[in-house]
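Taking the working numbering, the leading residue of the sequence shown gets 10, the next gets one more, and so forth.
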Amino acid sequence: MVHQSIVILSIISYPLFLLIQWRFSSVVAVASILLACIAFPRCSVSKPKNLPPGPPRWPIVGNLLQLGRLPHGDLASTCRKYGPLVYLRLGNVDAITTSDPSVIRQILLQRDEVFASRPRTLAAVHLAYNCGDVALAPLGPRWKRMRRICMEHLLTTKRLDAFARHRAHEAQHLVRHVYGLCWDGDRAGINLREVLGGFSMNNVTRMLLGKQYFGAGSSGPQEATEFMHITHQLFWLLGVIYLGDYLPFWRWIDPHGCEKKMEEVEKRVDDFHTKIIEEHRRAREAKMEGLAGDSDMDFVDVLLSLPGEDGRDHLDDVEIKALVQDMIAAATDTSAVTNEWAMAEVIRHPRVQRKIQEELDSVVGRERMVSEPDLVHLNYLRCVVRETFRMHPAGPFLIPHESVRDTTLNGYHIPARTRVFVNTHGLGRNPDVWDDVEDFRPERHWPEDGSRVEISHGPDFKILPFSAGKRKCPGAPLGTTLVLMALARLFHSFNWSPPDGLRPEDIDTAEVYGMTMPKARPLAAVARPRLPEHLYL
Ligand code: HEM
Numbered sequence: 010m011v012h013q014s015i016v017i018l019s020i021i022s023y024p025l026f027l028l029i030q031w032r033f034s035s036v037v038a039v040a041s042i043l044l045a046c047i048a049f050p051r052c053s054v055s056k057p058k059n060l061p062p063g064p065p066r067w068p069i070v071g072n073l074l075q076l077g078r079l080p081h082g083d084l085a086s087t088c089r090k091y092g093p094l095v096y097l098r099l100g101n102v103d104a105i106t107t108s109d110p111s112v113i114r115q116i117l118l119q120r121d122e123v124f125a126s127r128p129r130t131l132a133a134v135h136l137a138y139n140c141g142d143v144a145l146a147p148l149g150p151r152w153k154r155m156r157r158i159c160m161e162h163l164l165t166t167k168r169l170d171a172f173a174r175h176r177a178h179e180a181q182h183l184v185r186h187v188y189g190l191c192w193d194g195d196r197a198g199i200n201l202r203e204v205l206g207g208f209s210m211n212n213v214t215r216m217l218l219g220k221q222y223f224g225a226g227s228s229g230p231q232e233a234t235e236f237m238h239i240t241h242q243l244f245w246l247l248g249v250i251y252l253g254d255y256l257p258f259w260r261w262i263d264p265h266g267c268e269k270k271m272e273e274v275e276k277r278v279d280d281f282h283t284k285i286i287e288e289h290r291r292a293r294e295a296k297m298e299g300l301a302g303d304s305d306m307d308f309v310d311v312l313l314s315l316p317g318e319d320g321r322d323h324l325d326d327v328e329i330k331a332l333v334q335d336m337i338a339a340a341t342d343t344s345a346v347t348n349e350w351a352m353a354e355v356i357r358h359p360r361v362q363r364k365i366q367e368e369l370d371s372v373v374g375r376e377r378m379v380s381e382p383d384l385v386h387l388n389y390l391r392c393v394v395r396e397t398f399r400m401h402p403a404g405p406f407l408i409p410h411e412s413v414r415d416t417t418l419n420g421y422h423i424p425a426r427t428r429v430f431v432n433t434h435g436l437g438r439n440p441d442v443w444d445d446v447e448d449f450r451p452e453r454h455w456p457e458d459g460s461r462v463e464i465s466h467g468p469d470f471k472i473l474p475f476s477a478g479k480r481k482c483p484g485a486p487l488g489t490t491l492v493l494m495a496l497a498r499l500f501h502s503f504n505w506s507p508p509d510g511l512r513p514e515d516i517d518t519a520e521v522y523g524m525t526m527p528k529a530r531p532l533a534a535v536a537r538p539r540l541p542e543h544l545y546l
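Take a look at the structure:
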């Protein structure tokens, strides 16, 4: 029994790491879990139905103790041991996980109407306007309406085309910014996380709010820093696996004040959105209803001009705020994290960098900068992006899905309200699907018939950067453009190498778990210009 307690103590400390920092008060809660676990022998709770196979579980906590600092890795090993579809009990929540293309296809396409809901997590309640957004809202008329607004008014081809000149401006700003940093003589390298984060944020805020946050025409360093800070706190809280979602008594104890923190952040984010909406309203009034034209409207203008539900003149402010927040959260980190991983992998593999540059020199030449129409012709670069998504999907899991009713999958019973963890990280490194899973090899995506390389998933479901089915990412075309454009510009304009004293293979690829999965340490690299000087100015 003593030995068992020690084992439990050692394994319990890992999941608790996910509960943010350790504090004295959590000892009380942990003691209760330990007592419960020690009091009852390890057991498989009797299976009422034919559930999928899965690891044995403890009373009360179920399989929560088996999740470590990198839960996607733990769940991928569980699938290797128990099969392509695994059942877990996380506290009082039924869950399944998979990293198998055929099971994923069933969940996202064939049984989409059953699995396309979302759990009402406390983060979604506190940080997404009571699940009133698109990304975290359960399936239902409200989600349908909000998603339709995104698809029909915000992310349309016409609207995205109207912002092309802003994106071109941001692409040039990116190159100029790096060009300026090249001459600093700092051989420790340029902090690419900052550079790429600023590029994504500026593109998104220009489109959404009509402002550039970082750079010459920015809204000022104080506002930009505040905005970044709040957004980072929001991401971080959305990514935390909060035990209160799985163990009701944890909510009551809340040893780390997690819910209080969520409420505080929600209030700060809400104040920010309120300010933005008021600024836009004032600007509209000043123009006496007459904006220069539809193409000059940013997303907030568009949302302010839409009629509300049930014959109301306008959308509620809360609806506008939820949509704005979703767009910022969904668009900025995903593209910035992907770009940082792609840069890291390419700098680790000088052969790949040479091939990207050969393609750019042949398609674009060295007398002008890359522009958006070039992107479809950069097939090798597109392979690089696909390979980056295989090894480093923006999030380790899709946003959790939830089943709306009892159903069956692969012949097993799946209860209603089962949480679904589609492990995209595990899919990309599944040895039954890919050879040499740890090798970064873009050539594996090169089509034999020379056709255009698609970045999104194909019928084989072997990679899933933007998901599929009802919940698939509505921003995929924009996300793809932001990623391809940043990489094309940076590799066309500069030769990249590791900071002094490091070899390419010394660039580390350690990752941290969260809603998105960035490199643990920001990427630093040295840039040397490779185009005529006048192109950078
Ligand atoms: C490289 C960039 C991006 C990647 C890799 C990405 C990936 C994803 C993924 C994996 C999901 C979850 C789908 C699921 O749970 O099944 C998602 C959802 C979503 N994404 Fe993206 N995304 C990107 C950019 C964007 C952009 C630019 C926007 C909008 C401006 C956006 C808006 C959304 C929204 C609103 C959802 C929620 C959809 C729903 O639940 O109905 N994303 N994205």
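A virtual CB, placed ideally from N, CA and C, is assigned to each residue, including glycine. Treat the numbers as computed from the prediction; the structure is a model and nothing was measured.
Any idea which residues DSSP pairs residue i with across the strands?
{"i": "N200", "result": "A533"}
{"i": "N504", "result": "R537"}
{"i": "Q362", "result": "BP columns for Q362 are empty, so no partner."}
{"i": "V385", "result": "Looking at the DSSP assignment, V385 forms no beta bridge with any residue, so it has no partner."}
{"i": "H410", "result": "V429"}
{"i": "I105", "result": "Y96, V429"}
{"i": "I423", "result": "T416"}
{"i": "G71", "result": "W67, L99"}
{"i": "S126", "result": "E411"}
According to DSSP, is residue i part of a helix, a strand, or is it coil?
{"i": "Y96", "result": "strand"}
{"i": "V393", "result": "helix"}
{"i": "E520", "result": "strand"}
{"i": "S314", "result": "helix"}
{"i": "S460", "result": "coil"}
{"i": "S465", "result": "coil"}
{"i": "S53", "result": "The predicted model places S53 with a pLDDT of 45, which falls under 50 and marks its position as unreliable, so this point remains unresolved."}
{"i": "K528", "result": "strand"}
{"i": "V379", "result": "coil"}
{"i": "T490", "result": "helix"}
{"i": "R450", "result": "coil"}
{"i": "D59", "result": "The sequence given here has Asn at residue 59, not Asp. N59 falls in the coil class under three-state DSSP."}
{"i": "R168", "result": "helix"}
{"i": "P150", "result": "helix"}
{"i": "V249", "result": "coil"}
{"i": "H434", "result": "helix"}
{"i": "H265", "result": "coil"}
{"i": "L496", "result": "helix"}
Exposed or buried, what is residue i when buried is set at 16 or more other beta-carbons lying within 10 Å of its beta-carbon?
{"i": "Q119", "result": "exposed"}
{"i": "V446", "result": "exposed"}
{"i": "T283", "result": "exposed"}
{"i": "F236", "result": "buried"}
{"i": "V385", "result": "exposed"}
{"i": "W152", "result": "buried"}
{"i": "D515", "result": "exposed"}
{"i": "A104", "result": "buried"}
{"i": "R391", "result": "buried"}
{"i": "M216", "result": "buried"}
{"i": "F555", "result": "This structure cannot settle anything about residue 555, because the visible part of the chain is limited to 10 through 546."}
{"i": "M160", "result": "exposed"}
{"i": "Q334", "result": "buried"}
{"i": "A45", "result": "Confidence at A45 is low in this model, with a pLDDT of 49, below 50, so the placement of that residue is unreliable and no value is reported for it."}
{"i": "T166", "result": "exposed"}
{"i": "N348", "result": "buried"}
{"i": "G248", "result": "buried"}
{"i": "L73", "result": "buried"}
{"i": "W67", "result": "buried"}
{"i": "H289", "result": "buried"}
{"i": "L243", "result": "buried"}
ask   = Any chance the region 336 to 349 sits against the region 477 to 495, with 3 or more Cβ pairs inside 8 Å?
value = Contact between the region 336 to 349 and the region 477 to 495 is present, because at least three Cβ pairs lie under 8 Å.
query = Is it true that the region 515 to 524 meets the region 67 to 85, where meeting means three or more beta-carbon pairs spaced less than 8 Å apart?
reply = The region 515 to 524 vs the region 67 to 85: in contact.
query = Do the region 433 to 445 and the region 362 to 372 touch if we need at least three Cβ pairs shorter than 8 Å?
reply = Verdict: no, contact absent.
task = May I ask you to verify whether the region 409 to 429 touches the region 121 to 128, counting CB pairs closer than 8 Å and requiring at least 3?
result = Touching, per the Cβ criterion.
query = Counting Cβ pairs closer than 8 Å, one from the region 199 to 214 and one from the region 84 to 103, do we hit at least three?
reply = Two segments are said to touch when three or more pairs of C-beta atoms, one from each, lie closer than 8 Å; by this definition the region 199 to 214 does not touch the region 84 to 103.
inquiry  = For the region 133 to 142 against the region 492 to 510, do three or more pairs of beta-carbon atoms, one drawn from each stretch, fall closer than 8 Å, so that the two count as touching?
reply    = Judged by Cβ distances under 8 Å, the region 133 to 142 makes no contact with the region 492 to 510, as fewer than three pairs qualify.
task = Assess, as a yes-or-no matter, whether the region 354 to 362 is touched by the region 180 to 187 under the definition of 3 or more beta carbon pairs within less than 8 Å.
result = Contact between the region 180 to 187 and the region 354 to 362 is absent, because fewer than three Cβ pairs lie under 8 Å.
task = Spell out a yes or no on whether the region 453 to 470 and the region 147 to 163 are touching, meaning 3 or more CB-CB pairs, one atom from each, closer than 8 Å.
result = Taking 8 Å as the limit for Cβ pairs, the verdict is that the region 147 to 163 does not touch the region 453 to 470.
inquiry  = For the structure I just gave you, are there three or more beta carbon pairs, one from the region 361 to 368 and one from the region 425 to 436, closer than 8 Å?
reply    = These segments do not touch.
key: At least three beta-carbon pairs within less than 8 Å, the region 305 to 314 to the region 323 to 331   = Output reads yes: the region 323 to 331 touches the region 305 to 314.
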